[in-house]
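Q: Dropping the structure in here first, questions after.
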Amino acid sequence: MATSFELNGISVTLDVDPEMPLLWAIREKAGLVGTKYGCGIAQCGACTVHVDGVASRSCSIPVSAVAGSKVTTIEGLSNTISQAVQSSWQKLNVVQCGYCQSGQIMSAVALLTDVPKPTDADIDAAMSGNICRCATYHRIREAIHDAAKSI
Ligand code: FES
Ligand code: FES
Numbered sequence: 002m003a004t005s006f007e008l009n010g011i012s013v014t015l016d017v018d019p020e021m022p023l024l025w026a027i028r029e030k031a032g033l034v035g036t037k038y039g040c041g042i043a044q045c046g047a048c049t050v051h052v053d054g055v056a057s058r059s060c061s062i063p064v065s066a067v068a069g070s071k072v073t074t075i076e077g078l079s080n081t082i083s084q085a086v087q088s089s090w091q092k093l094n095v096v097q098c099g100y101c102q103s104g105q106i107m108s109a110v111a112l113l114t115d116v117p118k119p120t121d122a123d124i125d126a127a128m129s130g131n132i133c134r135c136a137t138y139h140r141i142r143e144a145i146h147d148a149a150k151s152i
């Protein structure tokens with residue numbers, strides 16, 4: 002059965018098993034591979050996308066659950082907050098291997114959308130579900146504060 006939703010501002014209808022995780026529908030069917038697979042059990046954050054503006058673990062959501070919703074992936078980030086985050090990420094050289102970073106950025110954008118001037122505690126709470134094997138956590142926190150100054 003096909004599932005229809007908005008993906009990065011474009012209406013899509015994907016003819017896939019309704020139980021297919023959203024992550025695989027995005028990567029394998031829609032061809033957007035910026036969203037990564039890490040654990041598959043909602044524990045690492047590598048697969049984070051926005052569903053109706055909320056940071057969500059796409060590995061653990063059946064595609065049928067987003068029918069009629071607005072899904073944004075790393076490829077679809079384009080607003081002022083997103084640009085500020087990406088610019089601060091570059092400025093502070095946050096990325097090491099990069100594997101976790103699309104998920105980190107998706108969570109950071111969702112945080113700054115809800116809390117424009119987050120405290121360290123806000124950042125820790127919002128980002129705690131995003132694991133980085135390269136331990137870029139300190140630079141991520143600095144980059145979020147830096148982005149907040151320019152929003
Ligand atoms: S791959 Fe989805 S949270 Fe790890
Ligand atoms: S930058 Fe390597 S896992 Fe995060």
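Counting in our numbering, the sequence shown runs without a single skipped number right up to 152 at its last residue.
Quick reminder that beta carbons are idealized off the backbone N, C-alpha and C, glycines included.
Please read these numbers as outputs of a predicted model, since none were measured by experiment.
(1) Using a strict less-than 6 Å threshold between each residue's beta carbon and the heavy atoms of ligand 2, what residues do you get?
(2) May I ask you to check if the CB of Gly32 is nearer than 7 Å to at least one heavy atom of ligand 1?
(3) How far does the alpha helix (DSSP H) with Thr81 in it reach, from first residue to last?
(4) Ligand 1 and Ser61: does any heavy atom of the ligand fall closer than 7 Å to the residue's C-beta?
(5) Since Asp16 is in the beta strand (DSSP E), which residue starts that stretch and which ends it?
(6) Tell me where the beta strand (DSSP E) around Arg28 begins and ends.
(7) Using the DSSP secondary-structure output, state which residues sit across from Arg58 in a beta bridge.
(8) Taking the continuous beta strand (DSSP E) assigned at Ser5, which residues delimit it?
(9) Compute every distance between the C-beta of Gly35 and the non-hydrogen atoms of ligand 1, then say whether any falls below 7 Å.
(10) The alpha helix (DSSP H) with Lys150 in it runs from where to where?
(11) Specify, as a first and last residue, the run of the beta strand (DSSP E) that Thr73 falls within.
A: Quick look at the numbers:
(1) Here the residues close to ligand 2, judged by CB distance below 6 Å to any of its heavy atoms, are Val96, Gln97, Cys98, Gly99, Tyr100, Cys101, Gln102, Cys133, Arg134, Cys135 and Thr137 in chain order.
(2) Against the sequence shown, residue 32 aligns to sequence position 31. Every heavy atom of ligand 1 is 7 Å or more from the Cβ of Gly32, so no.
(3) Residue 81 sits at position 80 when you count from the first residue of the sequence shown. Where Thr81 is concerned, the enclosing alpha helix (DSSP H) stretches over Thr81 to Lys92.
(4) Sequence index remark: in the sequence shown, residue 61 carries index 60 (1-based). Yes, Cβ of Ser61 sits closer than 7 Å to a heavy atom of ligand 1.
(5) Within the sequence shown, numbered from 1, the residue matching residue 16 stands at position 15. Judged by DSSP secondary structure, Asp16 falls within the beta strand (DSSP E) whose first and last residues are Ile11 to Asp16.
(6) As a position in the sequence shown, residue 28 is number 27, starting the count at 1. Segment: none, Arg28 is in no beta strand (DSSP E) and carries neither H nor E.
(7) For the purposes of this step, residue 58 is identified with residue 57 of the sequence shown, where counting begins at 1. In DSSP, Arg58 forms a bridge with Thr49.
(8) Residue mapping note: residue 5 aligns to position 4 of the sequence shown, counting from 1. Where Ser5 is concerned, the enclosing beta strand (DSSP E) stretches over Ala3 to Leu8.
(9) Here residue 35 corresponds to residue number 34 of the sequence shown, with the count starting at 1. No, the Cβ of Gly35 stays beyond 7 Å of every heavy atom of ligand 1.
(10) Working through the sequence shown from its first residue, we reach residue 150 at position 149. From DSSP, the alpha helix (DSSP H) with Lys150 extends over Tyr138 to Lys150.
(11) In the sequence shown, counting from the first residue as 1, residue 73 sits at position 72. Note, Thr73: beta strand (DSSP E), Lys71 to Thr73.
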